[in-house]
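Reading through the structure tokens given below for one structure.
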Amino acid sequence: MRFEELNLIEPLLRAVRDEGYTEPTPIQEQAIGPLLSGRDMLGCAQTGTGKTAAFALPILQKLAADKGMTGPRKLRVLVLAPTRELAAQINESFQVYGKHTGVASAVIFGGVGQEPQVRAIRRGVDVLVATPGRLLDLMGQGLVKLNTVDTLVLDEADRMLDMGFVRDVRKIVATVPTQRQTLLFSATMAPDVQELAEDLLRNPIRVSVTPSATTVDRIVQSVYHVTTSDKRPLLEELLRDPKVERALVFTRTKHGADKVVKNLDKAGIEALAIHGNKSQNARTRALDRFKSGETRVLIATDIAARGIDVDGVSHVINHDLPNIPDSYVHRIGRTARAGADGIAISFCDAEERPYLRDIEKLIRKAVPVVKGHAFEANGAREVAPAPRQAQPQARRPQSSQRQAQGRPQQPRSQAPQSRSTQRPAQEPRRDDRRPATSQPPAAPRRSRHENRPPQAAARPAPVADRGTAPPQERIARDWW
Ligand code: AMP
Numbered sequence: 002m003r004f005e006e007l008n009l010i011e012p013l014l015r016a017v018r019d020e021g022y023t024e025p026t027p028i029q030e031q032a033i034g035p036l037l038s039g040r041d042m043l044g045c046a047q048t049g050t051g052k053t054a055a056f057a058l059p060i061l062q063k064l065a066a067d068k069g070m071t072g073p074r075k076l077r078v079l080v081l082a083p084t085r086e087l088a089a090q091i092n093e094s095f096q097v098y099g100k101h102t103g104v105a106s107a108v109i110f111g112g113v114g115q116e117p118q119v120r121a122i123r124r125g126v127d128v129l130v131a132t133p134g135r136l137l138d139l140m141g142q143g144l145v146k147l148n149t150v151d152t153l154v155l156d157e158a159d160r161m162l163d164m165g166f167v168r169d170v171r172k173i174v175a176t177v178p179t180q181r182q183t184l185l186f187s188a189t190m191a192p193d194v195q196e197l198a199e200d201l202l203r204n205p206i207r208v209s210v211t212p213s214a215t216t217v218d219r220i221v222q223s224v225y226h227v228t229t230s231d232k233r234p235l236l237e238e239l240l241r242d243p244k245v246e247r248a249l250v251f252t253r254t255k256h257g258a259d260k261v262v263k264n265l266d267k268a269g270i271e272a273l274a275i276h277g278n279k280s281q282n283a284r285t286r287a288l289d290r291f292k293s294g295e296t297r298v299l300i301a302t303d304i305a306a307r308g309i310d311v312d313g314v315s316h317v318i319n320h321d322l323p324n325i326p327d328s329y330v331h332r333i334g335r336t337a338r339a340g341a342d343g344i345a346i347s348f349c350d351a352e353e354r355p356y357l358r359d360i361e362k363l364i365r366k367a368v369p370v371v372k373g374h375a376f377e378a379n380g381a382r383e384v385a386p387a388p389r390q391a392q393p394q395a396r397r398p399q400s401s402q403r404q405a406q407g408r409p410q411q412p413r414s415q416a417p418q419s420r421s422t423q424r425p426a427q428e429p430r431r432d433d434r435r436p437a438t439s440q441p442p443a444a445p446r447r448s449r450h451e452n453r454p455p456q457a458a459a460r461p462a463p464v465a466d467r468g469t470a471p472p473q474e475r476i477a478r479d480w481w
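Shown next, in the form of structure tokens:
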């Protein structure tokens, strides 16, 4: 299908051409028509599928059609997003796709001064992209009113709920007129997301481009069983491989992220960290350097990485496995963006083995184990993979120009190769292997629930805009 077949107006088609998009991605194909006709939508899609354009293009078209109407600009569209990075990115997309339409948008999020954001709103905007905390704050000060909004988008609703924003979201939605078009996007359709969708959407069309919790099938996944202390040299070794063009490394905690940066620095490998303890400016700087390629390695926590949309992330490395299996799917989705291939490598120490099992259950396949590497921990063979089941066929974005951008071309791994033949590209050379380190038995010392800080795992706290978090949230915030 071509964009021209989607009944989009010329100024939008031009913007899409300017971006180099040749054909719509599956979610764009499915969503744009119904959204243009005013339907509500429940979208099950991760970032990387082209979902922002799927909702931004029809919204812009609706606004552009009404541009002939006289009078001052009114706030017509509200987009809620869980994190600052995602909010900024969505706003950027509205500006890119809407550059020939005269539609004005602005973004508001916490962690930075409110004045420039307030000035932008005062100048008049059609579209406001916001994180819930800062929006409520400005609404409380009487600086933002939502009574003219006729289109509401909730992006990454699952993460918004995970971050404990449900009450804020409901408070905000209560002030938006009920006569509206509502769109809700989520990477997974957990029961609480479905409940919210049932309350907010009216007879929605449902689109799903990646069946919930199915791992993106173009990503070549592997796991290294290592001791905690060997994660450091293993990471250094992997990052020395020039095939790692751009790596996003995940740690479970902010402190862990800083530690990895420090250790890499000692090893002469430049890396930056992005997490909730960094100022917004530091986060933006780190992300910009990573995007421009000045910094090849970015260390991130789950929340900070939400919505990171960087082309050419060749590798996602899970320095620590997440204790929430959904997060694994979100993390590895940072590579293989918009139709390209990618590589996801996970380190798994003895305590993380239950997490690996949970992940394998969720993605319904075993993550191939890298064997015979220099840091192999004893007991790797004892890991029982989750039983293999038929992998539901995920629809992928159509081929795009991005595929031609020199990503490592990995074979597609529809089903894991047999363990004994699995040899990821990053495997250390035979001649510099050292004997495998010994490792206590595979049984973890604590259960995964005991490993969690109280409630934090179930409801990670926002890194966004809450100045006065209750004690429970402060605990969780520190964890993330
Ligand atoms: P999203 O899922 O909205 O985060 O989009 C992921 C990436 O796909 C972004 O970098 C977009 O610029 C890109 N993208 C969106 N639509 C298309 C398309 N039709 N063809 C190629 N790339 C696209």
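Residue numbers for the sequence shown follow the working numbering, so the first one is 2 and each next one is one higher. C-beta: ideal position from N, C-alpha, C; glycine also.
- Taking C-beta separations shorter than 7 Å and ignoring five residues to either side along the sequence, the partners of PRO234 in its chain run PHE376, following chain order.
- For GLN31, the shortest separation between its Cβ and any heavy atom of the ligand AMP does not lie below 7 Å.
- Here the alpha carbon of GLU199 sits roughly 39 Å from the alpha carbon of PHE348.
- Scanning ALA32, GLY343, PRO35 for the CA closest to the CA of LYS244 turns up GLY343.
- Following the DSSP letters along the chain, one finds HIS316 in no alpha helix (DSSP H) but inside the beta strand (DSSP E) bounded by residues 316-319.
- Going by C-alpha positions, ALA121 is about 6 Å away from ALA107.
- Put simply, the backbone Cα of GLY277 is about 24 Å away from that of ARG171.
- Contact between ALA301 and ILE275 holds: their C-beta atoms lie close to 5 Å from each other, under 8 Å.
- Collapsing the DSSP output to three states places ARG297 in coil.
- Here LEU155 carries a strand assignment [DSSP, helix/strand/coil].
- With a contact defined as Cβ atoms closer than 8 Å, HIS331 and TYR225 miss out at about 21 Å.
- Relative to the ligand AMP, the beta carbon of PRO25 is positioned inside 7 Å of a heavy atom.
- When secondary structure is reduced to three states using DSSP, VAL194 falls in the helix class.
- Counting along the chain, GLN222 sits inside the beta strand (DSSP E) bounded by residues 220-226.
- Straight through space, the alpha carbons of SER223 and VAL371 are spaced by roughly 6 Å.
- Annotation: GLU11 to GLY103 spans about 13 Å, alpha carbon to alpha carbon.
- For the pair LEU36 and PRO59, the Cα-to-Cα distance works out to about 6 Å.
- Residue state for ARG181 is assigned as coil, using DSSP reduced to three classes.
- Straight-line measurement puts the Cα of LEU14 at about 7 Å from the Cα of GLU5.
- The residue among THR50, ILE28, THR48 with its C-alpha nearest the C-alpha of MET42 is ILE28.
- For SER328, there is no enclosing beta strand (DSSP E); the enclosing alpha helix (DSSP H) has its first and last residue at 326-333.
- Taken from the Cβ of GLY49, at least one heavy atom of the ligand AMP lies inside 7 Å.
- Proximity of the segment 350-369 to the segment 75-86 falls short of the contact definition, fewer than three beta-carbon pairs being nearer than 8 Å.
- With contacts defined as CB atoms closer than 8 Å, LEU155 and ARG181 fail to qualify as a contacting pair.
- Residue environment for ASP169: buried (at least 16 other C-beta atoms within 10 angstroms of its C-beta).
- In the DSSP assignment, ILE33 falls within the unbroken alpha helix (DSSP H) covering 27-37.
- Beyond the five residues adjoining it in sequence on each side, LEU136 comes within less than 7 Å, by CB distance, of ILE109, VAL145, ILE173 in the same chain, given in chain order.
- Short of 6 Å from the beta carbon of GLU353, and not among the five residues preceding or following it, lie these beta carbons of its own chain, in chain order: LEU322.
- The Cβ atoms of ALA55 and ILE33 sit closer than 8 Å to each other.
- With contacts defined as CB atoms closer than 8 Å, LYS75 and THR149 qualify as a contacting pair.
- Per DSSP, reduced to three states, the secondary structure at MET161 is helical.
- Residue range 52-66 is occupied by the alpha helix (DSSP H) that includes LEU61.
- Bounds of any beta strand (DSSP E) do not take in LEU322, whose DSSP letter is neither H nor E.
- The beta carbon of THR296 sits closer than 8 Å to those of GLU271, ALA272, LEU273, ALA287, ARG290, all from its chain and outside the five residues before and after it, given in chain order.
- In the structure shown, MET2 adopts coil according to DSSP, grouped into three states.
- Counting along the chain, the unbroken alpha helix (DSSP H) around ALA89 starts and ends at 85-98.
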